[in-house]
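Presented below is the structure to which this report refers.
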Amino acid sequence: SMPRRYSDYPDSYYCWNSISSIGSMISLNSLIFLIFIILESLISKRMMLFKFNQSSLEWLNSCPPLEHSHI
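Sequential numbering of the sequence shown, starting at 29, is according to the working numbering.
As structure tokens, this is what we get:
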């Protein structure tokens, strides 16, 4: 941020000020998009695909492994 008594940045900082402004706009757009994704996922109530048919290795294990038996 800029101290109170400065009315403007020097011209030598114009490029960095522009880059900083563009970066903050990108961050704001990303935050709005993230909020939209979260709200849409909470509102839509989509069904899970393959709810009872998990085929990856972590779901094939029926019980926790014994202690010190991880291979």
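Note that beta-carbon positions come from the ideal geometry of N, C-alpha and C, so glycine has one too. Given the structure is predicted, the values throughout are model-derived calculations rather than measurements.
**Study point:** 8 Å Cβ cutoff met for Y37 and N45
**Key:** Against a cut-off of 8 Å, the Cβ pair of N45 and Y37 comes out as a contact.
Practice item. Work out the CA separation of M75 and L56 for me, nearest whole Å. Key: Going from the Cα of L56 to the Cα of M75 covers about 31 Å.
Point to revise | Inter-residue Cα distance where the pair is S69 and N89 | key: In this structure, the CA atom of S69 is about 29 Å from the CA atom of N89.
Practice item. Consult DSSP for E68 and reduce its assignment to one of helix, strand or coil. Key: DSSP places E68 in the helix class (H, G or I) of the three-state scheme.
Exercise for review: Quick one: grab the DSSP three-state call for M53.
Suggested key: Looking at M53 - three-state DSSP - the assignment turns out to be helix.
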